[in-house]
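For reference, the structure discussed in these notes is given below.
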Amino acid sequence: MAQEQAIPSIGPAAPEFALPHRPGVIHNVLKFIRRKPLGAVGFFLVFFVIAMTLGTPKAEFGVPELPHSPFGFKLGKPWLAPYDEEQNFKNATGRLNQDAAPSWKHWLGTDSHGRDNWARVVWGARRSLFIGLWALALATAAGTFIGVVSGYFRGWFDTAVQRVLDALQSFPPLLTLILILSIAPFTSQPSLVVAAFALGFVGIPQVQRIVRGVVLSTREQQYVEAARVIGATDARTMTFYILPNIMASIIVVFSTGLGVVILAEAALAFIVPQVVPAEGASWGLDLGEAYRGGVVEHTWEVTSYAGIIALAVLGLNLAGDALRDVLDPRLRLG
Amino acid sequence: MEEPTYWDRFWRRRLSRRRVLTGVALTGSGLAAAAVVGCGGGDSGTDQNQSAGGRGGSGEDLESQVPQFIDARREFTPAPADVRGGTLRFQGFDPVVLDRHDPHQTQFGPMYANLSSVFSKLYMYKSHTEPTWQNIVPDLAESAPEMIGNPPTEYVVKLRKGVKFHDTDAIRSNFPDLAGRELKADDVVYSYERQKNAGQSLQKGYYYRRSQYETIDSITATDPYTINIKTKGPIAPFYHFMADTNAMIIPKEIVDMDPGPGGLPLDTVDTNRGPAPGERMIGTGPFLWGDLKFGIEYKAVRNPAWFGWDEPDLQRPYLDGYTVSGSSLNDTSLEALFRRKEVDTAGFIENPDWVFKIKREKPDLEFFRSWISGWINSRFKVFCKPFDDVRVRKAIHLATERQQIVDVIGSGEWRMQGPVGNAISYWALPYDQLLTLPGYRQNKDDRTKDITDARQLFEAAGSPEFPQIWFADIPSYIPNFIGTWKQFMNQNLGIPVDKLRTLTQAYSRIAEAIADDSCDLASMTWGFDNGWIDLDDWVYPYFHSTGSKNSFRLKDPDLDKLLDAQRIEFDIEKRRQLGYQIQRYLLGLEGDGMQLGAHARTDYATPRTATVAWPYFKNRVAFPWFGSSYWSANVWLNKNDPTFRGRPA
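Protein chains in written order, with my numbering: chain A, 1 to 334; chain B, 1001 to 1649.
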């Protein structure tokens, strides 16, 4: 009984000690829009591009394959696509309805194959986004690993790794990409998986450079020294003390890098269409085909594909900038 | 105090002139976009930009301005002495060498173009309007051959005297005995014997024109300037064989050259090994092989010691050389290059609208329309399932939407094609007649019937699954068409799109694969072929059981008889009728139409180019087939023409 009496009862706190009221999600979103309107526009564009890729998953599981089963299960037709990506339309004479101007049926007109440009834009988003995500996942994973290890150990190991990566970075990225895709020994065919791998590979030096810079300052923090003092191994220190504390930088690198990778993929498909699969909707390929057939004659195609590439990249950059401002304590607003 | 937000700052800003203009511009743009969207037509015939002749603008009003070349050799204007020299520039696929440099082994058309101004032949065509014997004139030969026998089985050819092989410092250092050496009858004998070679190993190469040269029983040099050729029997197209695109005379030395210590023995002109192409491509043509940067540029340089056909006093070639660039082969770049006079002539790649537009804009420009002998087709390995079943091949033939190929790939400017190219109208089935045949006719009811027949044939054959279909990787319109091809195969034959597996491959790889007996490789292909001149070129090597291009492995005795018959028919009209019969046989229109030889190849469409040239470009000649660049000997740039001003040096 005496013990029971010893346990203090938890009752309502006195008003002067109450925790401040936590604002709700909607309040935070509105606050973000008010303070970072450009960031909000960026996030809107990013969510719009993501929404374009979404479709009802089908119950078909297998090896991840870009772009229609990127996570191992097959994605159905995107909800925002009114038509199939290859569906072509005919006019009253039975001929293909080529290069038609925008209408209520075809919001962005049709291309030289009589296909709906808007449908191609939506289907193409899937290819661009999933290649970008996979490429950046590779670049971020490998770049983070190299950056953390290199920055943590420093010394001759760091010097050697950095010089190798400097050498890699000295090649123009697009040429490196073309080189990898041309000599890829494991495939005789243009492959989106290989393209994603190549894009990721080219991105590794950039990611690791940023991560290494952050690690160099983080490793000098007192809590890292404390971890060493209590006997944490190098692996434990890197995994549980350094990595969580540089995560904000990694997230920012990921968000801003995605725009770069999407642009690189489109540029690659535009400049050297032979190295990427010709089948399926692709912003870069479709833009290249329209451009090569004459900009004036294919105004709506060029505008559609160039416009969506610009909007997607703009959105990712704006969202990335806003994310950096929010996550970086030095830039965080009160 | 709460920090001011973006909107607080926004509302506090003054209403500057810039902000007003920005607002007006944005509002205007939005209204314009809305207006365009609102005004756009829908499907089902409401689109106003759709004409019966295809999409976009037509060049029909310009047709009357197309010059007619009858005799390229005679009908030209000699260049005044004060304007000679300079380098002609244009764009083309010439620098894109997809197989070999060897003039006897390459089967890449643009390569023939490079080679044909470097190497000469015994005879050549002076006109393409009727590619028959009447239009063949001497090149290295002094005169028409003496034909012995009736019908002839023996040809005596006299060579011009004093024809010299190219001579430069580089050639002299590698081939001291060849540089400037006179061409003799032994060189002709060697070149002809070489193309008879049936070897197919890498070392011996593959002689795609073997079917022509195997007709020779013996070829001998009776004296240094006389060649006696005996054929195995009467061969109607033999005179043509001596003028054909690859009947080039090469010196033995460039094939049998000593590779040097440690080098591989060479018996081909495979320039991947040995001295650079410019040092090995030694002929007697009006131009020297200058330089070839793969995919970027080919340069030809004037041969100052050229023999000059019958008129050496004209001192041709007039140009210092010509350059073909291959790096900007798209319509947008071409138009810009042409307007800046960085190229002297240009034609459309995919969309002709800019050519028509610029011609209307600048009426003084020379305007040309020309058929290309090349065409797009599908080849089948007729011993591989399911293409061993004629019903399947015929179903594909009937289900193919040729009009879509013409509209999408050819911007409505191409034409559908049968087994012989429309460019060679003398031998091809008349186009009007072709358009009435199943698979080609576009009348709505007929088309519906063809598609119904196609579906029935395919189902009767058990709706078999297709193996992987191989598509050529260039020009880009071929791989770009895969999606549309799948759509109509799905709609017309009911094959699910995901069951139509395709592979995009380079031509060199496709050539290897169709020569392979494996049914896993290229059982059906989809790509471009060069196109030819005589009826025999179009049918015999492809479809005869002994043909050197019979990748189908076709062995059809009835078809062989027809193919042999056209070879021995010297009456040109009767031969033409035999040609029609062969074409009908191949299209499944003879007998029950289910013979083995029917539909071994499905022919789709052929290009018709529209080209413009600046008026200072004189004596331009365009032949429909590859390999007529020797006519560049006549070309000159009129520096006195007002349009020449502003041309970059």
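Quick reminder that beta carbons are idealized off the backbone N, C-alpha and C, glycines included.
A quick note: this is a predicted structure, and the numbers were derived from the prediction, not measured.
How about residue i and residue j: do their beta carbons lie closer than 8 Å?
i                : j                : result
V1355 of chain B : M1594 of chain B : no
I146 of chain A  : L66 of chain A   : no
V207 of chain A  : T140 of chain A  : yes
Y1630 of chain B : S1117 of chain B : yes
K1359 of chain B : F1367 of chain B : yes
V1083 of chain B : N1638 of chain B : yes
G1326 of chain B : A1300 of chain B : no
T1132 of chain B : A1423 of chain B : no
F1108 of chain B : D1099 of chain B : yes
Y1540 of chain B : R1576 of chain B : no
N975 of chain B  : I1349 of chain B : With chain B running from 1001 to 1649 in the structure shown, residue 975 of chain B is simply not present.
P1103 of chain B : M1248 of chain B : yes
Q1505 of chain B : D1473 of chain B : yes
D1167 of chain B : A1305 of chain B : yes
P1251 of chain B : F1165 of chain B : yes
Q1105 of chain B : Y1206 of chain B : yes
G1059 of chain B : P1352 of chain B : yes
A192 of chain A  : V276 of chain A  : Correcting the residue type first, residue 192 of chain A is Leu in the shown sequence and not Ala. Contact flag set, yes.
T1332 of chain B : V272 of chain A  : no
A135 of chain A  : L179 of chain A  : no
L175 of chain A  : A195 of chain A  : no
G72 of chain A   : F89 of chain A   : no
T1609 of chain B : G1418 of chain B : no
P78 of chain A   : L54 of chain A   : yes
K1341 of chain B : R1647 of chain B : yes
K1196 of chain B : Y1213 of chain B : yes
Y1225 of chain B : L1159 of chain B : yes
Run down chain A in chain order and give the residues with a C-beta less than 9 Å from the C-beta of residue i.
i                : result
E1350 of chain B : S112, E289, R292, G293, G294
W1538 of chain B : Per Cβ cutoff of 9 Å: no residues; W1538 of chain B is ~29 Å from chain A at best.
V1188 of chain B : Chain A residues near V1188 of chain B: none, gap ~41 Å exceeds 9 Å.
Contact defined as beta carbons within less than 8 Å: I believe residue i pairs with residue j. What is the distance between those atoms, to the nearest angstrom?
i                : j                : result
N1530 of chain B : G1374 of chain B : 5 Å
T1284 of chain B : L1183 of chain B : 5 Å
Y152 of chain A  : I242 of chain A  : 7 Å
D1534 of chain B : P1237 of chain B : 5 Å
I1405 of chain B : Y1604 of chain B : 5 Å
F1458 of chain B : G1527 of chain B : 23 Å between Cβ atoms; not a contact.
L1521 of chain B : F1466 of chain B : Between F1466 of chain B and L1521 of chain B the Cβ distance is about 14 Å, and since that is not below 8 Å, they are no contact.
Can you name the residues of chain B whose CB is closer than 7 Å to the CB of residue i?
i               : result
G94 of chain A  : K1444
N88 of chain A  : T1484, Q1487
P273 of chain A : S1476
Anything in chain A within Cβ reach of residue i, meaning under 8 Å, just list it in chain order.
i                : result
D1498 of chain B : None at all; the shortest Cβ gap to chain A is about 10 Å.
G1354 of chain B : Looking at the sequence shown, residue 1354 of chain B is not Gly but Trp. By Cβ distance, chain A contributes G294, V296, E297.
N1330 of chain B : Y291, R292, G293
V1096 of chain B : Chain A residues near V1096 of chain B: none, gap ~12 Å exceeds 8 Å.
So with CB distances below 8 Å, who are the chain B contacts of residue i?
i               : result
A195 of chain A : Going along chain B, no residue has its Cβ under 8 Å from A195 of chain A, so there is no contact; the nearest lies around 14 Å.
P64 of chain A  : Within chain B, no residue comes near P64 of chain A; the closest Cβ sits about 17 Å away, beyond 8 Å.
Please list the partners that residue i has in chain B, where partner means a Cβ-to-Cβ separation under 9 Å.
i               : result
E265 of chain A : Within chain B, no residue comes near E265 of chain A; the closest Cβ sits about 18 Å away, beyond 9 Å.
P82 of chain A  : Chain B residues near P82 of chain A: none, gap ~12 Å exceeds 9 Å.
Could you list which residues in chain A have their beta carbon closer than 7 Å to that of residue i, in chain order?
i                : result
P1479 of chain B : A278
Q985 of chain B  : Since the first residue of chain B shown is 1001 and the last is 1649, residue 985 of chain B is not available in this structure.
D1099 of chain B : Correct list: empty, because the minimum Cβ distance to chain A is about 17 Å.
For chain E, is any of its Cβ atoms less than 8 Å away from the one on residue i?
i               : result
E297 of chain A : In the structure shown, chain E does not exist; the protein chains are A and B.
Inset, instruction - Mind the definition here: the stretch 88-97 of chain A touches the stretch 154-174 of chain A only if three or more C-beta pairs lie below 8 Å; say whether that holds. - result: no
Inset, instruction - Taking only runs that begin and end inside the stretch 22-94 of chain A, name each unbroken beta strand (DSSP E) of 3 or more residues, in chain order. - result: 55-61, 73-78
Inset, instruction - Count the C-beta pairs between the stretch 244-257 of chain A and the stretch 304-324 of chain A that are closer than 8 Å, then say yes if the count reaches three, no if not. - result: With contact defined as three or more Cβ pairs closer than 8 Å, the stretch 244-257 of chain A and the stretch 304-324 of chain A are in contact.
Inset, instruction - Please go through the stretch 1547-1578 of chain B and give each complete alpha helix (DSSP H) segment of 4 or more residues, from N-terminal end onward. - result: Runs of the alpha helix (DSSP H) inside the stretch 1547-1578 of chain B: 1557-1568.
Inset, instruction - Take every Cβ of the stretch 1405-1412 of chain B, pair it with every Cβ of the stretch 1481-1498 of chain B, and state whether three or more of those distances are shorter than 8 Å. - result: yes
Inset, instruction - Note down, one range per segment and in chain order, each alpha helix (DSSP H) of at least 4 residues found wholly within the stretch 1386-1470 of chain B. - result: 1390-1399, 1402-1408, 1431-1434, 1444-1460
Inset, instruction - Decide if the stretch 1488-1499 of chain B is in contact with the stretch 1415-1433 of chain B; the criterion is three or more beta carbon pairs, one per stretch, under 8 Å apart. - result: no
Legend entry - Touching by the beta-carbon criterion (3+ pairs, under 8 Å), the stretch 124-138 of chain A and the stretch 61-77 of chain A: yes
Inset, instruction - Pick out the complete alpha helix (DSSP H) segments inside the stretch 1166-1194 of chain B, 4 residues or longer, and give them in chain order. - result: Segments of the alpha helix (DSSP H) lying fully in the stretch 1166-1194 of chain B: 1169-1174.
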